[in-house]
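Q: If you're matching positions, the sequence shown starts at 97 in our numbering and goes up one per residue.
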Amino acid sequence: QCLAGEGDMDLRGTRVLCEHYYMWSGASMRSKLKSFLGSKSLRGRVDTVPQAEYPEFFQQASIKGTLYQLPDFVVDSESLIDVLAGRQQAHLFSLPDQVVEFGSDGFSDARTLKLTHREHDIEMSVQRFIFAAGEGNKGLINAAGLGKPQTQVRPLNMVYLKMPGLPQLFVHCIGDSFSLTPRLTVTSHRDESGETVWYLGGDIAETGVGKTDAEQVDRARQLLDELFPWIDVTAAEWRCFTINRAEPKVENDSRPDDAYFTKEENILVTWPTKLTLAPALSDQVLADLRKDKIIPSSAAPEITLEAILKPAVIGAPEWHLGTTA
97 QCLAGEGDMD
107 LRGTRVLCEH
117 YYMWSGASMR
127 SKLKSFLGSK
137 SLRGRVDTVP
147 QAEYPEFFQQ
157 ASIKGTLYQL
167 PDFVVDSESL
177 IDVLAGRQQA
187 HLFSLPDQVV
197 EFGSDGFSDA
207 RTLKLTHREH
217 DIEMSVQRFI
227 FAAGEGNKGL
237 INAAGLGKPQ
247 TQVRPLNMVY
257 LKMPGLPQLF
267 VHCIGDSFSL
277 TPRLTVTSHR
287 DESGETVWYL
297 GGDIAETGVG
307 KTDAEQVDRA
317 RQLLDELFPW
327 IDVTAAEWRC
337 FTINRAEPKV
347 ENDSRPDDAY
357 FTKEENILVT
367 WPTKLTLAPA
377 LSDQVLADLR
387 KDKIIPSSAA
397 PEITLEAILK
407 PAVIGAPEWH
417 LGTTA
């Protein structure tokens, strides 16, 4: 509904890349068992795809395996961010870390925000601050003197490749181990010239932390040769980069199961955990604002931020920025 402009948010302009995400399982018994357990955990929402209905890429498979269809569609995250930012462009600003300081309103434990920038001293009194800065939440939590939550990062060494003729592919590849992390996850994107980019994650990204670029790219080549031997990627251009998943701290530094939301005085701290849980997180935040009867103020500010702060620059994917390895 939102993608059609008929839901709680108008997300028209967001591109849907694929109507289904897939899961590819090798032919071994342990792979089949793991796939079965995966489907049970999704309560029957995973469907086996008849071979006659395989997407073209898997119709060309030269090894045996089973393809499953997951109850997820794939949105183009770049266009989603563009749409979200475009709706609020006049209210998005860039601010150096060192100029942010939190204080007290003098009447309660509610925080105010103090900015010193370009010879301007500004103090903001707000009904609610919402921290939704990912890895940046840690600095905001410390600056505001909050008692919780603790944070954690889980690093990844991601790989991408691009080559003329690469098909659009969205798939989790399940291995023979019983790890909950797929051996490989492939999503497809376009670079600035329109060429297809395969973005590789999953176990290879988690276990690749600390490896050199050459080592990680070599592992990725071997894995693609093993899982998809019917496609030749010897002419592909490769690159890898490290990135952190930022989250509230969980016992044993494991992955949080759900979106996270907590409140201290007039500050809300949030992490969606992953993109698919962002709507659930927004529901939690909106419910809390309604419960506390928080509505936009009609009072005019004494000074407009547009006169002081620079507009925010929206980030770009690595394949728009980097050179190939």
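A virtual CB, placed ideally from N, CA and C, is assigned to each residue, including glycine.
#1: Are the CB atoms of H285 and L405 within a distance shorter than 9 Å?
#2: In chain order, what are the residue ranges of uninterrupted alpha helix (DSSP H) at least 4 long that sit wholly in the segment 219 to 255?
#3: With DSSP run on the structure shown, which of helix, strand or coil describes L401?
#4: Put G202 into one of helix, strand or coil per three-state DSSP.
#5: Can you tell me which of L265, T369, A229 and M254 puts its alpha carbon nearest to the alpha carbon of R335?
#6: May I ask you to list the residues that DSSP assigns as paired with V381?
#7: Does the Cβ-Cβ distance between T372 and Y356 come in under 9 Å?
#8: If you reduce the DSSP assignment to three classes, tell me which class D191 lands in.
#9: Taking Cβ positions only, does D321 come closer than 9 Å to chain C?
#10: Determine the direct distance from the alpha carbon of Q312 to that of T419, and round the result to whole angstroms.
#11: Buried or exposed for L280, going by 16 or more other Cβ atoms inside 10 Å?
#12: Please go through the same chain and pick out, in chain order, the residues whose beta-carbon is closer than 8 Å to the beta-carbon of P362, but skip the five residues on each side of it.
#13: Would you check if the segment 262 to 272 and the segment 288 to 307 touch, i.e. whether three or more CB-CB distances between them fall below 8 Å?
#14: Would the beta-carbon of R315 fall within 9 Å of that of R250?
#15: Starting from F153, trace the alpha helix (DSSP H) both ways and give me its first and last residue.
#16: Short check: CB of K258 to CB of E333, under 9 Å?
#17: Classify E215: buried if its beta carbon has 16 or more other beta carbons within 10 angstroms, exposed otherwise.
#18: With C-beta atoms as the reference, is A408 less than 9 Å away from L188?
#19: Taking V293 as part of the beta strand (DSSP E), name the residues at either end of that continuous run.
#20: Sorted by chain position, which residues of the same chain lie with C-beta nearer than 6 Å to C98's C-beta, five sequence neighbours on each side aside?
#21: Starting from R286 and walking both ways along the beta strand (DSSP E), at which residues does that stretch end?
#22: So what does DSSP say about E197, is it helix, strand or coil?
#23: Can you give me the Cβ contacts of F71 inside the same chain, cut-off strictly under 6 Å, excluding the 5 residues immediately before and after it?
#24: If we ignore side chains and look at the alpha-carbon of each, how far apart do E219 and P392 end up?
#25: Helix, strand or coil: how does DSSP classify V179 here?
#26: Round the Cβ separation of I270 and S121 to the nearest angstrom and send it over; I've been treating them as touching at under 8 Å.
#27: Would you tell me roughly how many angstroms separate the C-alpha atoms of R183 and E343, rounded to the nearest one?
A: According to the structure data:
#1: Counting from one through the sequence shown, the residue named residue 405 turns up at place 309. Counting from one through the sequence shown, the residue named residue 285 turns up at place 189. Not in contact: L405 and H285 (Cβ atoms no closer than 9 Å).
#2: Within the segment 219 to 255, the runs of alpha helix (DSSP H) that reach at least 4 residues and sit entirely inside it are, in chain order, 233 to 240.
#3: Residue 401 sits at position 305 when you count from the first residue of the sequence shown. Assignment of L401 by DSSP, reduced to helix, strand and coil, places it in the helix class.
#4: Stepping through the sequence shown from its first residue, residue 202 is reached at position 106. Coil, per DSSP.
#5: Sequence index remark: in the sequence shown, residue 335 carries index 239 (1-based). Checked all of L265, T369, A229 and M254; the closest Cα to R335 is M254.
#6: As a position in the sequence shown, residue 381 is number 285, starting the count at 1. The partner list for V381 (beta bridge, DSSP) is empty, contrary to what the question assumes.
#7: Here residue 372 is taken as the residue at index 276 of the sequence shown, counted from 1. Here residue 356 is taken as the residue at index 260 of the sequence shown, counted from 1. No, the Cβ-Cβ distance between T372 and Y356 is not below 9 Å.
#8: Along the sequence shown, read from residue 1 onward, the residue named residue 191 stands at position 95. Sequence check: residue 191 is Leu here, not Asp. Assignment of L191 by DSSP, reduced to helix, strand and coil, places it in the coil class.
#9: The displayed structure is made up of one protein chain only, and chain C is not part of it.
#10: Here residue 419 is taken as the residue at index 323 of the sequence shown, counted from 1. Here residue 312 is taken as the residue at index 216 of the sequence shown, counted from 1. Caution is warranted here: a pLDDT of 49 is assigned to T419, below 50, making its placement in the model unreliable, and the coordinate value is therefore given only provisionally. About 16 Å.
#11: Translated into the one-based positions of the sequence shown, residue 280 becomes position 184. Counting of Cβ neighbours within 10 angstroms places L280 among the buried residues, the total reaching 16 or more.
#12: What you label residue 362 is simply residue 266 of the sequence shown in a count that begins at 1. It is Asn, not Pro, that sits at residue 362 in the sequence shown. Hits under 8 Å: A206, R207, V222, Q223, R224 and F225.
#13: Cβ pair count under 8 Å is three or more, so yes.
#14: By one-based count along the sequence shown, residue 315 stands at place 219. By one-based count along the sequence shown, residue 250 stands at place 154. Taking 9 Å as the cut-off, the Cβ atoms of R315 and R250 do not count as close.
#15: One-based indexing of the sequence shown puts residue 153 at position 57. F153 -> alpha helix (DSSP H) spans E152 to Q155.
#16: Sequence index remark: in the sequence shown, residue 258 carries index 162 (1-based). Sequence index remark: in the sequence shown, residue 333 carries index 237 (1-based). For K258 and E333, yes; Cβs fall inside 9 Å.
#17: Here residue 215 is taken as the residue at index 119 of the sequence shown, counted from 1. With fewer than 16 neighbouring CB atoms inside 10 Å of its own CB, E215 falls in the exposed class.
#18: What you label residue 408 is simply residue 312 of the sequence shown in a count that begins at 1. What you label residue 188 is simply residue 92 of the sequence shown in a count that begins at 1. With contacts defined as CB atoms closer than 9 Å, A408 and L188 qualify as a contacting pair.
#19: The residue you call residue 293 lines up with position 197 of the sequence shown. Start and end: T292 to G297.
#20: Indexing the sequence shown from 1 puts residue 98 at position 2. Correct list, in chain order: M105 and L107.
#21: What you label residue 286 is simply residue 190 of the sequence shown in a count that begins at 1. Note, R286: beta strand (DSSP E), L280 to R286.
#22: On the sequence shown, residue 197 is found 101 positions in, with the first residue counted as 1. Strand at E197.
#23: Since the first residue shown for the chain is 97 and the last is 421, residue 71 is missing from the structure and cannot be characterised.
#24: Taking the sequence shown and counting its residues from 1, one reaches residue 219 at position 123. Taking the sequence shown and counting its residues from 1, one reaches residue 392 at position 296. Approximately 18 Å between the Cα atoms of the pair.
#25: Counting from 1 along the sequence shown, the entry for residue 179 is found at position 83. In the structure shown, V179 sits in a helix (DSSP, three-state: H, G or I).
#26: As a first step, residue 270 must be located in the sequence shown, where it is residue number 174. As a first step, residue 121 must be located in the sequence shown, where it is residue number 25. 5 Å between Cβ atoms; contact.
#27: Mapped onto the sequence shown, residue 183 falls at position 87. Mapped onto the sequence shown, residue 343 falls at position 247. Using only the alpha carbons, I get a separation of about 26 Å.
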